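Undergrad:
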Amino acid sequence: MELVSLFIGLTFVNNVVLSKFYAICPLLGVSKKPKNALNMGYAVTFVIFVSSIVTWLIYNCILVPLKIEYLDLITFILVIASLVQFVEMFLKKTSPEIYKSMGVYLPLITTNCAVLGVALDNISAGYNLIEAAVAGLAVSIGFTIVIYIFATIRERLDIANVPESFKGTPIALITAGIMACAIAGIAGLV
Amino acid sequence: MKKLDIFKKGLFIENPIFVLLLGLCSALAITTSLTNAIGMGMAVTCVLIMSNVIISLLRNIIPNEIRIPVFIVVIATLVKCVQMLMNAYTPALYESLGVFIPLIVVNCIILGRAESFASKNGIVDSLLDALGMGLGYTFAVLVISFFRELIGTGGLSLYNPFDASQVIFDVKIFADYAVSLFTQPAGAFMTLGCILAFVQFLKIKKEKKAKKLKEAEVK
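Line by line, the protein sequences are chains X and D.
Mapping the first sequence onto the working numbering, position 173 (from 1) lands on 173, and the numbers just tick up by one.
Take any residue in the second sequence, count from 1 to its spot, add 190: that is its number in the working numbering.
What follows is the structure in structure tokens.
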């Protein structure tokens, strides 16, 4: 039961994108087409899920026993960078189309705050391995949902009559603000 | 003169947040108060200066194929140092910035400058570039947090980053009419959206002016 509330809490109530500002760059960059946004969501889901398990294991089974916790940032970022490299190679081989459409944003998953942020949050919240895995999954599903909804809204925004100064990123940020209001509305749920 | 240009471009023309749209995550998250913004600005500027200098020194040794992992390890080491120093000397700030200090590692500004400037230019130029970009970042987060704190809490306050009990100034202007939405995430998005719209407005105005001048010259 606790795991369910943890999952719902991290997916919707404390959605990392809209309440913690993780992963704003891909949100603004890849959300021009819903299909691309969904592909990005899948790639990020895989990276976050695996990295939250691997970083938890590294931290608690290697860094803590050896008393070198201060190396956490360096090891985590290396784990994430190699995972992203793996996804990149996998996509290049299996579906060159997706690989091409995602362009520079695919290697940039390494510098996606959500990936490192979740790994660090899992440690500081003191989760056990199962909770860390659930948290990773919940956060990434929350990210995928938000980026997909955001992409569909932006598709409509393109044909809307927006004042000249607000065209592009400014109106996208205001839209994100309104979405954050909606997410804040369910704050008491968990 | 050219050296001055390298320094100046980070402040306004290529401001990392308002123009290049880099490092927005931290800029949105920590701009709830002026104190936080100054602390984060200092931390980012320190890391940026050190990383640009180190990478500029190593630029001829690092093999081209693995440069990104090398950059990231250098940056992660520096961020960890800054994080530990802040934990020791600015505990209140460390507490309120929280996870966003370690997240400087994945701040696009730092990796971006390493990749596009420091790995191609000399030490002095890289240092100036880092200084300009760092101050540009600090300036941008100060502007955002100014509006957010003023509208969100109805006043402005600034504490000494090294000693949280020392108040530099703390004024309440319209505390009864504060819109607390602006201290929340939704307000952050909207504030930045409006500031970016203003920047775009200035840009469009400038372009129109240049066009008019050109037409006048042709006549």
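C-beta: ideal position from N, C-alpha, C; glycine also.
Fair warning: this is a prediction, and the values are worked out from it, not measured in the lab.
So Tyr-327/D and Val-234/D are in contact, right, with Cβ under 8 Å, and what is the actual spacing, rounded?
TA: Looking up residue 327/D in the second sequence gives position 137. Looking up residue 234/D in the second sequence gives position 44. The pair is a contact, with the Cβ atoms about 5 Å apart (cut-off 8 Å).
Undergrad: Name, please, each residue of chain D whose Cβ falls closer than 8 Å to the Cβ of Ser-165/X.
TA: In the first sequence, the residue the question calls residue 165/X occupies position 165. Going along chain D in sequence order, the residues near Ser-165/X (Cβ under 8 Å) are Ala-387, Phe-388, Gln-390, Phe-391 and Ile-394.
Undergrad: With a threshold of 8 Å between beta-carbons, can Ser-95/X be considered close to chain D, or not?
TA: Residue mapping note: residue 95/X aligns to position 95 of the first sequence, counting from 1. No, no contact with chain D.
Undergrad: Which residues does DSSP list as the beta-bridge partners of Asn-350/D?
TA: For the purposes of this step, residue 350/D is identified with residue 160 of the second sequence, where counting begins at 1. For Asn-350/D, which the question treats as bridged, DSSP gives the partners Asp-353/D.
Undergrad: Please report the distance separating the alpha-carbon of Cys-298/D from that of Leu-212/D.
TA: One-based indexing of the second sequence puts residue 298/D at position 108. One-based indexing of the second sequence puts residue 212/D at position 22. Roughly 6 Å between the two C-alpha positions.
Undergrad: In three-state DSSP terms, what is Lys-33/X?
TA: Counting from 1 along the first sequence, the entry for residue 33/X is found at position 33. Lys-33/X: coil per DSSP, three-state reduction.
Undergrad: Check for me: the alpha helix (DSSP H) holding Lys-310/D runs from which residue to which?
TA: Within the second sequence, the letter at position 120 stands for residue 310/D. Careful: Lys-310/D lies outside any alpha helix (DSSP H) and carries neither H nor E.
Undergrad: Can you grab the Cα-Cα spacing for the pair Ile-8/X / Ala-187/X, in whole Å?
TA: Start at 1 with the first residue of the first sequence, and residue 8/X comes out as number 8. Start at 1 with the first residue of the first sequence, and residue 187/X comes out as number 187. If I take the Cα positions, the gap works out to 11 Å.
Undergrad: Roughly how far, in whole angstroms, is the beta-carbon of Met-140/D from the beta-carbon of Leu-283/D, given that I think they are within contact range, below 8 Å?
TA: One cannot answer for residue 140/D here, as it falls past the ends of chain D, which runs 191 to 409.
Undergrad: Can Pro-351/D and Ile-228/D be called in contact, C-beta distance under 8 Å?
TA: Residue mapping note: residue 351/D aligns to position 161 of the second sequence, counting from 1. Residue mapping note: residue 228/D aligns to position 38 of the second sequence, counting from 1. Yes, the Cβ-Cβ distance between Pro-351/D and Ile-228/D is below 8 Å.
Undergrad: In chain D, which residues lie less than 7 Å from Ala-180/X when you measure between Cβ atoms?
TA: Along the first sequence, read from residue 1 onward, the residue named residue 180/X stands at position 180. Near Ala-180/X (Cβ distances below 7 Å), the residues of chain D are Pro-375, Ala-376 and Phe-379.
Undergrad: Who are the neighbours of Val-74/X on chain D, taking C-beta pairs under 8 Å?
TA: For this step, residue 74/X is matched to residue 74 along the first sequence. Here residue 74/X turns out to be Ile, not Val, going by the sequence shown. Val-263, Ala-266, Thr-267 and Lys-270, listed in chain order.
Undergrad: Taking Phe-388/D as the reference, give the member of Ile-141/X, Phe-166/X and Phe-143/X with the closest Cα.
TA: Residue numbering aside, residue 388/D sits at position 198 when the second sequence is read from its first letter. Phe-388/D has its Cα closest to that of Phe-166/X, out of Ile-141/X, Phe-166/X and Phe-143/X.
Undergrad: Could you tell me which chain D residues have their CB closer than 9 Å to the CB of Tyr-127/X, listed as they occur along the chain?
TA: What you label residue 127/X is simply residue 127 of the first sequence in a count that begins at 1. Result: empty, since nearest Cβ-Cβ is about 14 Å, beyond 9 Å.
Undergrad: According to DSSP, is Lys-67/X helix, strand or coil?
TA: On the first sequence, residue 67/X is found 67 positions in, with the first residue counted as 1. It is coil, neither helix nor strand.
Undergrad: Tell me which residues share the same chain as Leu-317/D and place their Cβ nearer than 6 Å to its Cβ, disregarding the 5 neighbours each side in the sequence.
TA: Against the second sequence, residue 317/D aligns to sequence position 127. Closer than 6 Å at Cβ, skipping near neighbours: Val-243.
Undergrad: Terminal residues of the continuous alpha helix (DSSP H) containing Ala-184/X?
TA: Within the first sequence, residue 184/X is the residue found at index 184, counting from 1. Segment 169 to 184, the alpha helix (DSSP H) holding Ala-184/X.
Undergrad: For the candidate residues Glu-339/D, Val-357/D and Asn-205/D, whose alpha-carbon lies nearest to that of Pro-363/D?
TA: Your numbering for residue 363/D matches position 173 in the second sequence. This sequence places Ile at residue 363/D; Pro is not what is there. Cα-wise, what sits closest to Ile-363/D is Glu-339/D.
Undergrad: Is the Cβ of Val-369/D closer than 8 Å to any Cβ of chain X?
TA: For the purposes of this step, residue 369/D is taken as the residue at position 179 of the second sequence. Not an interface residue.
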